[in-house]
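Enquirer: Here it is, the structure, as structure tokens.
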Amino acid sequence: VEHRMESPVEERKIIEKFSALTDDFKKENPLFYYVGGRFLLLKQYIFNSGAVYVPVFRNNACNPNWMYNLKYLQAGIYHLCLITGLVGLIFLALRTGDFFPISIPLLLIVLFPFVFSAAEIRMFSPSIPFLIAGLSIFLEKIGIDRWMEQRLKSYRSDK
Numbered sequence: 206v207e208h209r210m211e212s213p214v215e216e217r218k219i220i221e222k223f224s225a226l227t228d229d230f231k232k233e234n235p236l237f238y239y240v241g242g243r244f245l246l247l248k249q250y251i252f253n254s255g256a257v258y259v260p261v262f263r264n265n266a267c268n269p270n271w272m273y274n275l276k277y278l279q280a281g282i283y284h285l286c287l288i289t290g291l292v293g294l295i296f297l298a299l300r301t302g303d304f305f306p307i308s309i310p311l312l313l314i315v316l317f318p319f320v321f322s323a324a325e326i327r328m329f330s331p332s333i334p335f336l337i338a339g340l341s342i343f344l345e346k347i348g349i350d351r352w353m354e355q356r357l358k359s360y361r362s363d364k
């Protein structure tokens, strides 16, 4: 359903009222408007479900239970890649001195919420390949490759 204003004059009046409200808020709460609001955007930008484009809702009878589990799995994988991927990229930067891979996620984290005042997960998507690489570096750092190799050797010796 499309809704249109009766006249451009009425639309202009509404825009002016919202602009006045915004200006009043800026005057009364400048710290929150310029700093606090950006940190709220950062929280929304980084700490989301990671599955915002999966249209599964709890109170929708059309969604079977396995779809909720799939959405939670996707959210878990997103947070695993986010946290351990950043740690792995820090390990890589400290080990090799190459700060380019970690600069991509950090640049996007600073750029969109703080400079452009935008917070959508699609804007963070270019950093996902770097975070996955960081996840693999993190797993190597904690010794998962040696653990898996030992498990494979014990499995082969049992046969």
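The letter at position 57 of the sequence shown is residue 262 when you use my numbering, and the numbering goes up by one with no holes.
Cβ atoms here follow ideal geometry from the backbone N, Cα and C, with glycine treated the same way.
Since this is a predicted model, take the numbers as computed values, not measurements.
Measuring alpha carbon to alpha carbon, tell me which residue in D350, N268, R327, P306 is nearest F335.
Expert: Checking every option, the nearest Cα to that of F335 belongs to P306.
Enquirer: Given A324, which residues of its chain have a CB within under 8 Å of its CB, disregarding the five upstream and five downstream residues?
Expert: L246, L247, Q249, Y250, F317, P318
Enquirer: Looking at the secondary structure, which residues open and close the alpha helix (DSSP H) in which S341 lies?
Expert: S341: member of the alpha helix (DSSP H) spanning 333 to 346, first to last residue.
Enquirer: Among V214, E221, K222, G255, which has the Cα closest to the Cα of L287?
Expert: Comparing Cα-Cα distances from L287 to each of V214, E221, K222, G255, the minimum goes to G255.
Enquirer: Between the alpha carbons of V206 and L291, how many angstroms are there, rounded?
Expert: At V206 the pLDDT is 47, less than 50, meaning the model places this residue with poor confidence; the figure from the coordinates comes in the next sentence. Taking the straight line from one Cα to the other gives about 44 Å.
Enquirer: Would you say G302 and K346 are within 8 Å of each other, going by their C-beta atoms?
Expert: no
Enquirer: Does the separation of the CB atoms of L285 and L226 fall below 8 Å?
Expert: no
Enquirer: Assuming I342 contacts F296 (C-beta within less than 8 Å), just tell me the rounded distance between them.
Expert: 6 Å
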